[in-house]
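Numbering (the numbering used here), first residue to last: 686 to 991.
A virtual CB, placed ideally from N, CA and C, is assigned to each residue, including glycine.
Note that the structure is predicted; figures quoted are calculated from it, not measured.
Below: one structure, written as structure tokens.
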Ligand code: CP
Ligand code: NVA
């Protein structure tokens, strides 16, 4: 396994499957891991808001006997202009891993080059790989093996969509991404996901018709229409996204047993209806819980402890 986890593409298909299996064990036998990270400190740096990532990482580390240090970018000297490289060099002398939520992916890459400890992407504008681990574990728990399943992502071709394209492709899934024209996932990610899918037996489809995309899907997934940092575009986006709303009509078009996922936070009445997120197909709370188990498994792997 690579030293850092900046993208889902840092894991081979086998490493991804093994990591998800470890996360399943970590979840079912938490007592086996209570001291697994004893003596390990993890810095968690947030340059954007967070509820799930912050708390799930903190509790993942504590429940394995490690020590999390949660920091906001603003309270660090980073907020006053100290470089990300120098921050990485210094933190590497104190902690055993650095988890960063930030804007540009490049910032994570710079940090990873400067740090002498593993760096984890806990969301950038480009990817949300830790989210994808929890998403895939949730599908496995609720619907069994991933290969051959169709996951339809509706809405903005954003960070979450990018990680799902890569992770779904690595798992042999058919990933359909239905977006308004102009909001597709970036071509570089689509090409890479297609390459992976060609090897794994998966498939990638980028489409613009939400009903067609939902038809027959095993999993329906959506995320906010305007991500963190895009708040100024929210009104403009709200004009083009409504037909991609994950509502009962799209649930009805999907497989009878369709699983509904959302990375959260959700804007009920926008990208998803209250009826669907609270409905019988939804597994969003399990999905949120799985952030904790998958991230514990990830850190254990990066530390070479499991
Ligand atoms: N899904 C997710 O990353 O949530 P937070 O922004 O609350 O961490
Ligand atoms: N795409 C969203 C995900 C939030 C967890 C964002 O970047 O704001």
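Note to self: How far does the alpha helix (DSSP H) with residue 822 in it extend, from its first residue to its last?
What the structure shows: Residue 822 -> alpha helix (DSSP H) spans 814-828.
Margin query: Are the CB atoms of residue 808 and residue 844 within a distance shorter than 8 angstroms?
Written below: Against a cut-off of 8 angstroms, the Cβ pair of residue 808 and residue 844 comes out as a contact.
Checklist line | 4 or more residues per run - each alpha helix (DSSP H) lying fully within the region 709-789 | finding: List check, alpha helix (DSSP H) in window: 737-748 and 769-777.
Item checked: Segment limits, alpha helix (DSSP H) that includes residue 847 -> Membership of residue 847 in the alpha helix (DSSP H) is indicated by the continuous run 844-855.
Note to self: Count Cβ pairs between the region 728-746 and the region 775-784 that sit closer than 8 angstroms; are there 3 or more?
What the structure shows: Verdict: yes, contact present.
Margin query: Under DSSP, the alpha helix (DSSP H) around residue 978 begins and ends at which residues?
Written below: For residue 978, the enclosing alpha helix (DSSP H) stretches over residues 969-987.
Notebook entry, point to check: Contact between the region 704-717 and the region 860-869: three or more CB pairs below 8 angstroms?
Noted result: No: fewer than three Cβ pairs fall under 8 angstroms.
Notebook entry, point to check: Which value, in whole angstroms, describes the spacing of the CA atoms of residue 720 and residue 806?
Noted result: Each residue's alpha carbon lies about 24 angstroms from the other.
Next item on the list: Could you tell me which of 776, 833, 915 and 866 sits nearest to residue 901, measuring between CA atoms?
Entry: Taking only the C-alpha atoms, the option nearest residue 901 is 833.
Next item on the list: Determine, using beta carbons only, whether residue 824 and residue 711 come nearer to each other than 8 angstroms.
Entry: Not a contact, by the Cβ cut-off of 8 angstroms.
Note to self: Between which residues of its own chain and residue 723 is the CB-CB distance below 6 angstroms, once the five residues before and five after are set aside?
What the structure shows: Shown here for residue 723: same chain residues with a beta carbon closer than 6 angstroms to its own, the five before and five after excluded, namely 750 in chain order.
Check: Does the ligand CP have even one heavy atom less than 7 angstroms from the beta-carbon of residue 735?
Finding: Residue 735: yes, Cβ under 7 angstroms from the ligand CP.
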